[in-house]
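Visitor: Residues 1 to 423, numbered by the UniProt record's numbering, are exactly what the sequence shown covers, in order. All C-beta atoms in this analysis are idealised placements derived from N, C-alpha and C, irrespective of residue type, glycine included.
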Amino acid sequence: MPFTALGLADPLLRAIADSGYATPSPIQSQAIPAVLGGHDVLATAQTGTGKTAGFTLPILHRLSQQTYSKNRPVRALILTPTRELAAQIGESVNKYGSHLHPRLKSLVVFGGVKINPQMMKLRGGVDILVATPGRLLDLVEQNAVKLNQVETLILDEADRMLDMGFIRDIRKVVALLPKKRQNLLFSATFSEDIRKLTTGLLVNPVKIEVAPRNTAAELVEQRAYLVNKTDKTALLSHLIQEHDWKQVLVFTSTKHGANRLTEKLNKIDIKAAAIHGNKSQGARTTALAGFKAGDIRVLVATDVAARGIDINLLPHVVNFELPRAAEDYVHRIGRTGRAGEEGQAISLVSHDEYNGLRQVEKLIGKEIKREQIAGFEPAAIAPPMPAKPARSPRPRRSSNPARKPNGNPGGSRNRNRSRAKIA
Numbered sequence: 001m002p003f004t005a006l007g008l009a010d011p012l013l014r015a016i017a018d019s020g021y022a023t024p025s026p027i028q029s030q031a032i033p034a035v036l037g038g039h040d041v042l043a044t045a046q047t048g049t050g051k052t053a054g055f056t057l058p059i060l061h062r063l064s065q066q067t068y069s070k071n072r073p074v075r076a077l078i079l080t081p082t083r084e085l086a087a088q089i090g091e092s093v094n095k096y097g098s099h100l101h102p103r104l105k106s107l108v109v110f111g112g113v114k115i116n117p118q119m120m121k122l123r124g125g126v127d128i129l130v131a132t133p134g135r136l137l138d139l140v141e142q143n144a145v146k147l148n149q150v151e152t153l154i155l156d157e158a159d160r161m162l163d164m165g166f167i168r169d170i171r172k173v174v175a176l177l178p179k180k181r182q183n184l185l186f187s188a189t190f191s192e193d194i195r196k197l198t199t200g201l202l203v204n205p206v207k208i209e210v211a212p213r214n215t216a217a218e219l220v221e222q223r224a225y226l227v228n229k230t231d232k233t234a235l236l237s238h239l240i241q242e243h244d245w246k247q248v249l250v251f252t253s254t255k256h257g258a259n260r261l262t263e264k265l266n267k268i269d270i271k272a273a274a275i276h277g278n279k280s281q282g283a284r285t286t287a288l289a290g291f292k293a294g295d296i297r298v299l300v301a302t303d304v305a306a307r308g309i310d311i312n313l314l315p316h317v318v319n320f321e322l323p324r325a326a327e328d329y330v331h332r333i334g335r336t337g338r339a340g341e342e343g344q345a346i347s348l349v350s351h352d353e354y355n356g357l358r359q360v361e362k363l364i365g366k367e368i369k370r371e372q373i374a375g376f377e378p379a380a381i382a383p384p385m386p387a388k389p390a391r392s393p394r395p396r397r398s399s400n401p402a403r404k405p406n407g408n409p410g411g412s413r414n415r416n417r418s419r420a421k422i423a
């Protein structure tokens with residue numbers, strides 16, 4: 001089915017052609033007609049499926065068919081978890097709306113930068129507002145924006161917004177919107193938290209799922225290199241130089257880890273830059289631009305910061321550390337193997353991560369090939385994924401529980417265990 005069969009306005013079709021597209025992706029062919037029809041949508045789609053165009057194109061079409069009011073109130077509100085994703089969506093809106101006449105006005109707002117310039121731009125009126133939840137509420141408190149005429153609400157990367165603790169902010173925003181509106185929710189996964197969020201938000205939604213949940217990209221070659229934790233940086237350097245990798249996205253679990261790895265790589269003349277929540281927006285934009293241009297060879301990122309990174313034909317993704325949540329592994333490797341191109345996902349797995357590797361394998365339903373590199377052999381070898389976990393017998397309850405030195409059965413509990421800070 002070509003784009004011309006979806007009912008989009010001619011100016012939008014021209015912009016699509018300018019971008020080099022002729023056939024919609026599965027998410028686009030299902031979402032565009034549903035949005036044009038005014039339905040609520042609940043879509044489960046992985047990164048790289050073209051979901052951004054799946055909602056920006058029909059929103060641009062619907063708004064362009066309406067008459068403009070002088071004050072241009074916000075009619076479409078798009079919420080995203082990160083600055084990078086917000087900027088990417090803003091670029092998509094501008095690109096696909098380039099041939100509309102008159103042009104629709106759009107604005108991207110997020111935290112980490114001065115709020116006054118954003119307030120000034122809002123005074124001129126905006127048809128489409130792309131925002132992170134926190135900054136949007138800041139603007140509402142400053143009376144810089146009103147949301148009482150929003151016709152369509154889009155929650156993009158909803159699962160990540162919940163992971164980042166934005167649920168309260170989302171509910172505050174929803175409370176400011178007209179009750180009668182269209183709601184579109186896009187998520188890479190469909191968790192219990194997402195199900196709860198949709199209750200009362202979506203009305204008889206069109207449900208779209210373009211790929212099996214938690215499925216790793218078929219065109220991505222996945223490997224696990226077993227290595228001692230202390231040798232990971234040396235092994236990463238070896239792989240980059242041995243295979244002459246020109247562009248590598250490397251994931252770490254923490255911001256500090258990202259900074260430390262970046263420093264080590266730069267010291268051995270491998271040009272690297274880090275991107276995470278503690279970096280200023282200018283630094284993040286510069287790092288991403290340099291990586292896309294080929295000036296930076298290695299981009300080191302945390303999971304949160306990587307959301308919204310859109311790089312065509314990215315050949316290599318490396319998990320310097322496995323993610324805490326197995327689902328994030330799927331998001332990470334989804335950065336490569338896009339648009340029918342092959343990609344490679346390498347995980348550097350130390351002994352303390354063997355259980356995490358098995359959790360990933362259980363989630364994706366396949367065993368990841370384990371390998372060792374000469375000169376970097378680990379002290380212990382990870383066992384293969386068991387075909388089926390054995391069920392351990394339930395321990396029998398003792399009628400006379402052993403007492404610990406403090407006199408209490410089972411000993412005292414440490415109620416103040418420290419929790420690792422998540423990047």
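1. Looking at the strands, I want to know which residues DSSP matches up with Glu-221.
2. Exposed or buried, which one is Ser-253 when buried takes at least 16 other CB atoms within 10 Å?
3. Could you check what DSSP says for Asn-400 in three-state terms: helix, strand or coil?
4. Once you ignore the five residues that flank Arg-14 on each side, which residues in its own chain have a CB closer than 7 Å to its CB?
5. Taking Leu-231 as the reference, give the member of Gln-359, Ser-92, Arg-103, His-351 with the closest Cα.
6. How is Leu-239 classed by DSSP in three states: helix, strand or coil?
7. Where DSSP assigns a beta bridge to Arg-370, which residues make up the other side?
8. Quick one: is Thr-132 buried, meaning 16 or more other Cβ sit within 10 Å of its Cβ, or exposed?
9. Please classify Asp-127 as buried or exposed, where buried requires at least 16 neighbouring CB atoms within 10 angstroms.
10. Report the rounded CA-to-CA distance for Gln-344 versus Val-248, giving the unit in angstroms.
11. Enumerate in chain order the residues of its own chain whose CB-to-CB distance from Arg-181 is below 7 Å, with the five nearest sequence positions on each side excluded.
12. So who's on the other strand from Lys-292, going by DSSP bridges?
13. Using CA atoms only, rank isn't needed, just tell me which of Gly-20, Met-1, Pro-11, Gly-38 is closest to Ile-27.
14. Could you tell me which whole alpha helix (DSSP H) segments of length 4 or greater appear in the region 164 to 192?
15. Identify which residue in Ile-368, Leu-202, Gln-66, Ala-283 has its Cα closest to the Cα of Leu-42.
16. Beta-carbon separation of Leu-314 and Ala-273 under 7 Å?
17. Between the Cα of Gln-65 and those of Gly-54, Pro-11, Leu-107, Glu-263, spot the shortest distance and give me the residue it belongs to.
18. Can you tell me whether DSSP reads Ala-31 as helix, strand or coil?
19. Given Leu-104, which residues of its chain have a CB within under 7 Å of its CB, disregarding the five upstream and five downstream residues?
20. Quick check: the region 89 to 96 against the region 112 to 120, are at least 3 beta-carbon pairs closer than 8 Å?
21. Indicate whether Ile-270 and Arg-297 have their beta-carbon atoms separated by less than 7 Å.
Guide: The answer reads as follows:
1. Gln-344
2. buried
3. For Asn-400, the predicted model reports a pLDDT of 47, less than 50, meaning its position is unreliable; a value from the coordinates is still stated below. Residue state, collapsed to three classes: coil.
4. His-99
5. It is Asp, not Leu, that sits at residue 231 in the sequence shown. Minimum Cα distance to Asp-231 is reached at His-351.
6. helix
7. Ala-224
8. buried
9. buried
10. 10 Å
11. Val-150, Glu-151, Thr-152, Leu-153
12. DSSP lists no partner for Lys-292.
13. Met-1
14. 167 to 175
15. Leu-202
16. no
17. Pro-11
18. helix
19. Leu-60, Leu-63, Ser-64, Gly-97, Asp-127, Ile-128
20. no
21. yes
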